[in-house]
Amino acid sequence: MIGLSIVMIFPIEKSAKLGLDLRGGLQVTYEAKDSPEVKVTEERMQQAEFVLNQRVNALGVAEPEIQREGARNIVVQLPGVKDPEGAKRLLGKPAVLQFAIVQDAYAAINDMAVLNKQKSEGKPVLGPVELTGDKINSAEATFGGQIGAQPIVNMTFNDEGAVRFGQITANNVNKRLAIVLDDKIITAPNIEGAIPDGKAIIEGIDSIDEAKEIAIVLNSGSIPVELDILEYRRVGATLGSEALREGVIAGIVGFMLVAIYLLFYYQGLGLITWLGISAYAILVWGVVAAMGQFYGWTLTLPGIAGLIISIGIAADSKIIIFERVKEEMREGKTFRTAVDSGFWHGFRTSLDADLVTMLVMFVLFFVGVSQIRGFALALIVGLTLDIVIMLLFTRSSLGLLAQIWPIKSPKLLVRVGKVRQNA
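Residue numbers for the sequence shown follow this note's numbering, beginning at 521 and rising by one.
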């Protein structure tokens with residue numbers, strides 16, 4: 521197992537799947553709200569999660585994470601995203617696309633800003649909605665217009681939408697058809713004649729980046745519920761790398777302090793502990809790397825904290841066993857006999873403590889938020905491997921030591937009083 525773990529952890533910088541707080545990026549937590557028109561349901565939440573996932577995939581971000589948190593919250597994590605503000609704007613767009621005829625009283629107004637201003641004032645600028653964006657089959661951002669340099673979005677309707685669009689254009693020749701995105705009139709071209717091929721163009725876009733955003737949200741579909749930003753967190757790449765470095769340093773320092781203390785106090789047995797904790801650390805990191813690569817588990821700062829705490833718990837387990845061995849030796853037993861009986865007494869005590877802690881961590885994992893869940897899972901992994909190391913390494917090492925090292929001075933192992941030397 522240790523050899524496999526060593527294979528998994530190299531190269532170290534690519535072994536574990538690092539979270540947002542360790543590699544930088546953007547995290548947005550959305551909360552679904554009821555509106556007079558639409559109520560939040562499980563089906564709508566699943567559709568909203570799907571739409572957000574489609575938009576994130578279109579951004580090309582490596583290893584994004586989108587997960588539900590409770591009944592109404594959706595957490596989106598985008599590690600290493602280059603334009604956090606643009607991603608935030610893109611994700612939050614409702615993307616409600618509508619087509620409506622401009623009323624005759626306002627048909628002479630060519631300035632979209634003026635039309636939108638009068639529309640926001642409650643004036644009847646537009647007629648009833650004739651067609652919506654859910655009938656769009658595909659949308660593509662490109663350049664067009666009279667000189668071929670204007671950002672536009674080419675849209676293609678599905679069969680139902682193409683028929684309806686053909687009817688709208690045929691029945692409203694020489695009228696203006698407004699294309700409205702998220703309650704804002706983007707463009708309102710004049711209908712020259714029927715358009716039966718199911719294709720339309722959105723013009724009046726300021727930049728190609730805006731055209732790409734519009735194409736993405738149209739391709740992914742509209743979000744079926746109102747989403748408010750509950751939390752917005754942006755972590756710089758430099759800050760994330762510093763946090764990782766400091767977390768690793770803290771773990772190494774903690775490991776060394778524990779090792780020095782055990783070597784000083786338990787002497788010979790402390791060497792076994794040092795080797796055991798070294799094997800434990802390699803095994804833990806190997807499991808973390810494997811879980812990241814095969815199961816997608818993301819290591820975060822709280823997770824590193826859980827792993828560091830687990831080192832102390834692993835040391836506690838060894839101390840409990842060694843103290844029990846000392847008690848057995850004080851009762852006059854030989855070292856070999858004391859190791860055999862003392863290990864099992866100490867192991868049962870450590871096992872009880874580990875299981876109780878694991879029970880609490882399971883509760884935190886299932887009811888806590890994402891950061892707490894990362895801490896809980898890391899500690900569960902550490903406690904499980906602590907039990908494995910005690911059974912497979914500590915017990916075998918103590919038994920081997922008792923057989924091959926005839927002790928003439930028990931002070932080489934533990935600081936106890938008078939101990940019998942005969943077997």
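Idealized CB from N, CA, C, for every residue including glycine. These figures come from a predicted structure and were not determined experimentally.
Quick one: measure Cβ to Cβ for residue 850 and residue 865, integer angstroms, because I've assumed they're closer than 8 angstroms. Actually they are not in contact, since the Cβ atoms of residue 850 and residue 865 sit about 14 angstroms apart, beyond 8 angstroms.
Apart from the five residues on each side of it in sequence, which residues of its chain come closer than 6 angstroms, Cβ to Cβ, to residue 597? Only 540, 547 and 585 meet the Cβ criterion.
Contact set for residue 816: own chain, Cβ-Cβ below 6 angstroms, skip 5 residues either direction: Annotation for residue 816: no residue places its beta carbon closer than 6 angstroms to its own, counting only its chain and skipping 5 residues before and after.
Cβ neighbours of residue 739 in the same chain (closer than 6 angstroms, five flanking residues each side left out): So the qualifying residues of the chain are 659.
To the nearest angstrom, report how far apart residue 623 and residue 685 are at their CA atoms. One C-alpha to the other measures close to 18 angstroms.
Can you give me the C-alpha to C-alpha distance between residue 772 and residue 825, rounded to a whole angstrom? A straight line joining the alpha-carbon of residue 772 with that of residue 825 spans about 12 angstroms.
Whole-angstrom distance between residue 767 and residue 537, CA atom to CA atom: Their Cα atoms are separated by approximately 15 angstroms.
Pull up the CB-CB distance for residue 575 and residue 736, whole angstroms please, since I reckon it's below 8 angstroms. A Cβ-Cβ distance of about 6 angstroms is found for the pair residue 575 and residue 736, placing them in contact under the 8 angstroms criterion.
For residue 826, report the span of its alpha helix (DSSP H) as first-last. If you look at residue 826, you'll find it in the alpha helix (DSSP H) that goes 821-850.
Indicate the three-state DSSP secondary structure (helix, strand or coil) for residue 745 in the structure shown. In the three-state scheme derived from DSSP, where H, G and I count as helix and E and B as strand, residue 745 is classed as coil.
My assumption, with CB atoms under 8 angstroms, is that residue 675 sits in contact with residue 704. Please give the rounded CB distance. Between residue 675 and residue 704 a beta carbon distance of about 17 angstroms is seen, past the 8 angstroms cut, so the two are scored as non-contacting.
Quick check on the burial criterion: 16 or more other C-beta atoms within 10 angstroms. Buried or exposed for residue 679? Residue 679 should be labelled exposed.
Residue 803 burial status per 10 Å Cβ neighbour count (16 or more: buried): With a 10 Å radius around the Cβ and a threshold of 16 neighbouring Cβ atoms, residue 803 comes out buried.
Output needed for residue 601: all residues of its chain with C-beta closer than 6 angstroms, excluding positions within five of it in sequence on either side, in chain order. Take residue 601, set aside five residues on each side of it, and the residues of its chain with a beta-carbon closer than 6 angstroms to its own are 545, 546, 581 and 607, in chain order.
Check whether the Cβ atoms of residue 858 and residue 906 lie closer than 8 angstroms to each other. Their beta carbons are not under 8 angstroms apart, which means residue 858 does not touch residue 906 by this criterion.
Assign residue 761 to one of three DSSP states: helix, strand, or coil. Of the three classes helix, strand and coil, the one that applies to residue 761 here is helix, per DSSP.
Taking buried to mean at least 16 other C-beta atoms within 10 Å of its own C-beta, is residue 780 buried or exposed? Exposed, since its Cβ has fewer than 16 Cβ neighbours within 10 Å.
CA-to-CA distance, residue 592 to residue 722, given in whole angstroms: Distance between the alpha carbons of residue 722 and residue 592 is about 34 angstroms.
Suppose you measure from the CA of residue 521 to the CA of residue 867; what does that come to, to the nearest Å? With a pLDDT of only 45 at residue 521, under 50, the local geometry of the prediction cannot be trusted, and no value is derived from it.
In this structure, what does DSSP give as the bridge partners for residue 704? Beta-bridge pairing links residue 704 to 701.
Determine which residues share a DSSP beta bridge with residue 652 and list them. Looking at the DSSP assignment, residue 652 forms a beta bridge with 618.
Host alpha helix (DSSP H) of residue 886 (start-end): In the DSSP assignment, residue 886 falls within the unbroken alpha helix (DSSP H) covering 855-887.
Cα-Cα separation between residue 952 and residue 551, rounded to whole angstroms: Because the chain in this structure spans residues 521 to 943, residue 952 falls outside the shown range and cannot be described.
Between the alpha carbons of residue 805 and residue 762, how many angstroms are there, rounded? A direct Cα-to-Cα measurement between residue 805 and residue 762 gives close to 19 angstroms.
Would you mind stating whether residue 702 and residue 616 have Cβ atoms separated by less than 8 angstroms? A Cβ-Cβ contact shorter than 8 angstroms links residue 702 with residue 616.
Residue 588 - containing beta strand (DSSP E), residue span: Counting along the chain, the beta strand (DSSP E) containing residue 588 begins and ends at 585-589.
Alpha carbon of residue 614 to alpha carbon of residue 741, nearest angstrom: For the pair residue 614 and residue 741, the Cα-to-Cα distance works out to about 9 angstroms.
Where does the unbroken alpha helix (DSSP H) through residue 734 begin, and where does it stop? That run of the alpha helix (DSSP H) goes 728-740.
Would you mind stating whether residue 632 and residue 724 have Cβ atoms separated by less than 8 angstroms? Cβ atoms of residue 632 and residue 724: closer than 8 angstroms.
So, at 6 angstroms on beta carbons, what are the nonlocal neighbours of residue 838 in its own chain, with the 5 sequence-adjacent residues on each side left out? Within the same chain, residue 838 has close Cβ partners 793.
Taking 8 angstroms as the cut-off, decide whether the C-beta atoms of residue 751 and residue 549 are in contact. Against a cut-off of 8 angstroms, the Cβ pair of residue 549 and residue 751 comes out as a contact.
Secondary structure of residue 678, DSSP reduced to three states: Residue 678 falls in the coil class under three-state DSSP.
Grouping DSSP H, G and I as helix and E and B as strand, with all else coil, what is residue 753? Three-state DSSP puts residue 753 in a strand.
Determine the DSSP secondary structure at residue 657, reduced to helix, strand or coil. In the three-state DSSP reduction, residue 657 falls in the strand class (E or B).
Taking the DSSP output, what are the residues bridged to residue 593? In DSSP, residue 593 forms a bridge with 551 and 589.
In the DSSP assignment, the beta strand (DSSP E) including residue 722 goes from what residue to what residue? Its beta strand (DSSP E) spans residues 719-722.
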